[in-house]
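Asker: Taken in sequence, the protein lines are chains A and B.
Numbered by this note's numbering, the letters in the first sequence go through residues 957 to 1040 in order.
Numbered by this note's numbering, the letters in the second sequence go through residues 648 to 900 in order.
All residues carry an ideal CB built from backbone N, CA and C; glycine is no exception.
As the structure is a computational prediction, the values presented were derived from the model and not from experiment.
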Amino acid sequence: MTPSTPARTAPTPTTLVNGEPYALADALPVADLVARLVPAFAADRTARGIAVAVDDAVVPRSLWESTTVRPGARVEVVGAVQGG
Amino acid sequence: MGTGGASSLLALEDALVASGTELTTVALRRFAPSAGGAGTSGDHGVWALLERLGIRALPNTAGCFTARDAVLTARLGHEACGTDWVKLEVIADDVTLLPDPVALIEAAETLVREGFVVLPYTNDDPVLARRLEDVGCAAVMPLGSPIGSGLGVANPRNIEAIAARAGVPVILDAGVGTASDAALAMELGCDGVLLATAVTRATDPVRMARAMRLAVQAGHDAAQAGRVPRREQALASSPVDGVVRAGNLDLAL
């Protein structure tokens, strides 16, 4: 008789946002993640000068609402700053 | 004129307007991942400033050490700034800030293939400049001297050689310290100058921006006006005959 083992759920993979671990339990729309990081975008969702890449692929602004970030993804949220 | 180095957005605004530039560079940097975005690296308010002034932003892959990072940054810049123009910078180390030629060519090829208008920041090697043009860059931007050094044009003969042979615009980019450097670059045949530190970190940025604007115009006019050749010996500019000579015995005879 095989001993029953309790069902285990896999541990949530580590999501990285801008190089830092980010607590993400469930998938989140890109737009919501950006709003959490960028006060200007949280205040005005038409704010420009911001770009996002998920797993090294740029996500166009038009797809921010419909694209979700899954736990374990590598996300970059960047903006234009003085320099160059 | 670039936006790097200004002490405040207000100072930057005044200098940009005084310079008369229609195009300015911006870097792409991560927003801090803390709640509320506190402690963002770099002031992200520059975007709103440029929109208000009607100055086009040229995203720069500043600070990238690899072709891969530069390509991703360029794509992010395209998305953030809404332009397919990119200043391509791939540096070899963070001390000299000199371009990495091999990575630069690799990134340039990739971005040209993706349809970017690539403006590469390069060194003053005429061969590398030609290679960048060969892979489809829209311009070449050789440094005068290291970024932020203010040392001017370290190798004028190389810059002149690059300008003479290039089939694309040549923009002197990096190392400009004062107005005469910008004028010299234009006299050497450059089509323009890109500078930031020389203005943003000057004691009076507005005045230096105005000086740079005038210097670029002056250098351009001088380059077009056909300068006199350099001579080993003097050549009088006044007639040699009929000179007054006090107490001239020859005239008395």
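How big is the Cα-Cα spacing for residue 660 of chain B and residue 698 of chain B?
Answerer: 11 Å
Asker: At 4 residues or longer, what runs of the alpha helix (DSSP H) sit wholly inside the region 681 to 736 of chain B?
Answerer: 693 to 700 and 714 to 728
Asker: Is there a Cβ from chain A that is less than 7 Å from the Cβ of residue 760 of chain B?
Answerer: no
Asker: Taking 7 Å as the CB-CB limit, is residue 1028 of chain A close to chain B?
Answerer: no
Asker: So residue 805 of chain B packs on residue 773 of chain B, CB below 8 Å; how close in whole Å?
Answerer: Confirmed, Cβ separation roughly 6 Å.
Asker: For residue 673 of chain B, which three-state DSSP category applies?
Answerer: strand
Asker: Looking at the secondary structure, which residues open and close the alpha helix (DSSP H) in which residue 976 of chain A lies?
Answerer: Note, residue 976 of chain A: premise wrong, no alpha helix (DSSP H); beta strand (DSSP E) at 976 to 978.
Asker: Give me the Cα-Cα distance between residue 836 of chain B and residue 1011 of chain A, rounded to the nearest whole angstrom.
Answerer: 44 Å
Asker: Could you check whether residue 843 of chain B and residue 649 of chain B sit closer than 7 Å to each other, using their CB atoms as the reference points?
Answerer: yes
Asker: Short of 6 Å in beta carbon distance, which residues of its chain neighbour residue 839 of chain B, apart from the five on each side in sequence? Order them along the chain.
Answerer: 818
Asker: Are residue 841 of chain B and residue 820 of chain B touching if we call contact CB-CB under 7 Å?
Answerer: yes
Asker: What is the residue span of the beta strand (DSSP E) that residue 1094 of chain A lies within?
Answerer: Residue numbering for chain A in the displayed model covers 957 to 1040; residue 1094 of chain A lies beyond these limits and cannot be assessed.
Asker: For residue 1032 of chain A, go through chain B and note every residue whose CB falls closer than 8 Å to its CB, in chain order.
Answerer: The contact set of residue 1032 of chain A on chain B, defined by CB atoms closer than 8 Å, consists of 677, 719 and 723 in chain order.
Asker: From the beta carbon of residue 785 of chain B, is the nearest beta carbon of chain A less than 7 Å away?
Answerer: Closer than 7 Å: no.
Asker: Once the 5 residues before and after residue 666 of chain B are set aside, which same chain residues still bring their CB inside 7 Å of it?
Answerer: Closer than 7 Å at Cβ, skipping near neighbours: 648, 846, 856, 859 and 860.
Asker: Just verifying my parser: in three-state terms, what is the DSSP assignment at residue 799 of chain B?
Answerer: The answer is coil: DSSP assigns residue 799 of chain B none of H, G, I, E or B.
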